[in-house]
């Protein structure tokens, strides 16, 4: 059994991570650190855990755990690791954006590997430190990885994607209150969302000559969880050729499935799946990709990375049923 610690245990991603770890046959939760909730039972904050655990939040950190998950706000993982030294045998999976970019991956002797299994599974298997991808970044990269891997991104890429309210975290703001979000829709961070950095980095890793624009319009939806993304770009081949490229690329992917049928978000909510569907319209290839932002976009991917790092079955603890009805 792996002894696991969680830093920043009160947020949405931490709540999902705790649920997954409690049901993972190879992990034991050693501590869940939260300065604001120390002494409180986990289920007092994550109320879906009532009856599942009696663990309390801790104000103490065990620096000798096997695996450490950082579920902190962006920029806070760096600060935490500067103040806390862990055993050389402790593996770290960071869910913030602190170490995702190449310029940031080396930190105090630790080299963080970008943890998108569909991109670099072998590197993850031998990694000690993982930078978990962003939620939008996951959905959008899985839409275009096969094209980039085959040198087929020759023109601008246009993306419109909608995320649920949980994507904004637990802290209240003017745009997260129910009265604002209900029956409402809006875009934000048009063309300059923070996940574009890692998306462009991945595309250049696969297709060094890519020099076009990735135009990304993120939107807020009036639902709790999930990401629905539509991406299009020029493509000279046929739909059948595109499907063959995608199915070949994802043939060994544990959770990314190329669907021949239209897809919709309830197929993936509460799972670690990404569904991808292709259509051809004139000279444009339309790629639809859908994920659960808290699972495949965060905590589920973190568990998938843990499984790869320790040589477990990649799907271990992640065979989840969608909230289909």
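Residue numbers (the UniProt record's numbering): 1 to 325.
Ideal placement from N, C-alpha and C gives every residue a C-beta, glycine not left out.
Select from the options the residue whose C-alpha is nearest the C-alpha of residue i.
| i | options | result |
| --- | --- | --- |
| residue 151 | 204, 177, 37, 239 | 204 |
| residue 18 | 70, 81, 59 | 70 |
| residue 4 | 23, 68, 39 | 68 |
| residue 107 | 122, 128, 120 | 128 |
| residue 130 | 84, 142, 97 | 97 |
| residue 153 | 78, 122, 22, 209 | 209 |
| residue 144 | 206, 60, 260 | 206 |
Check whether the Cβ atoms of residue i and residue j sit closer than 8 Å, and answer yes or no.
| i | j | result |
| --- | --- | --- |
| residue 307 | residue 314 | yes |
| residue 318 | residue 272 | yes |
| residue 20 | residue 303 | yes |
| residue 136 | residue 161 | yes |
| residue 138 | residue 301 | yes |
Which same chain residues, not among the five before or five after residue i, have their C-beta less than 8 Å away from its C-beta?
| i | result |
| --- | --- |
| residue 189 | 218 |
| residue 250 | 118, 146, 256, 257, 258, 276 |
| residue 269 | 225, 226, 292, 322, 323 |
| residue 248 | 146 |
Excluding the five sequence neighbours on either side, which residues of its own chain have a C-beta within less than 6 Å of the C-beta of residue i, listed in chain order?
| i | result |
| --- | --- |
| residue 253 | 118 |
| residue 34 | 9, 10, 57 |
| residue 186 | 220 |
| residue 265 | 226, 228, 290 |
| residue 164 | 221, 223, 224, 225, 226 |
If you follow the alpha helix (DSSP H) that residue i is part of, which residue opens it and which one closes it?
| i | result |
| --- | --- |
| residue 77 | 76-83 |
| residue 250 | Note, residue 250: premise wrong, no alpha helix (DSSP H); not H, not E. |
| residue 43 | 42-45 |
| residue 276 | That residue, residue 276, is in no alpha helix (DSSP H); its beta strand (DSSP E) goes 274-281. |
How would you call residue i, buried or exposed, if buried means at least 16 neighbouring beta carbons within 10 angstroms?
| i | result |
| --- | --- |
| residue 1 | exposed |
| residue 47 | exposed |
| residue 182 | exposed |
| residue 82 | exposed |
| residue 281 | exposed |
| residue 177 | exposed |
| residue 311 | exposed |
| residue 44 | exposed |
Return the first residue and the last residue of the beta strand (DSSP E) that residue i is part of.
| i | result |
| --- | --- |
| residue 269 | No beta strand (DSSP E) contains residue 269, which DSSP labels as neither H nor E. |
| residue 133 | That residue, residue 133, is in no beta strand (DSSP E); it is neither H nor E in DSSP. |
| residue 161 | 157-163 |
| residue 219 | 214-220 |
So, at 7 Å on beta carbons, what are the nonlocal neighbours of residue i in its own chain, with the 5 sequence-adjacent residues on each side left out?
| i | result |
| --- | --- |
| residue 299 | 13, 16, 17, 20 |
| residue 30 | 3, 4, 5, 62, 65 |
| residue 285 | 232, 233, 235, 242, 278 |
| residue 263 | 275, 277, 288, 290 |
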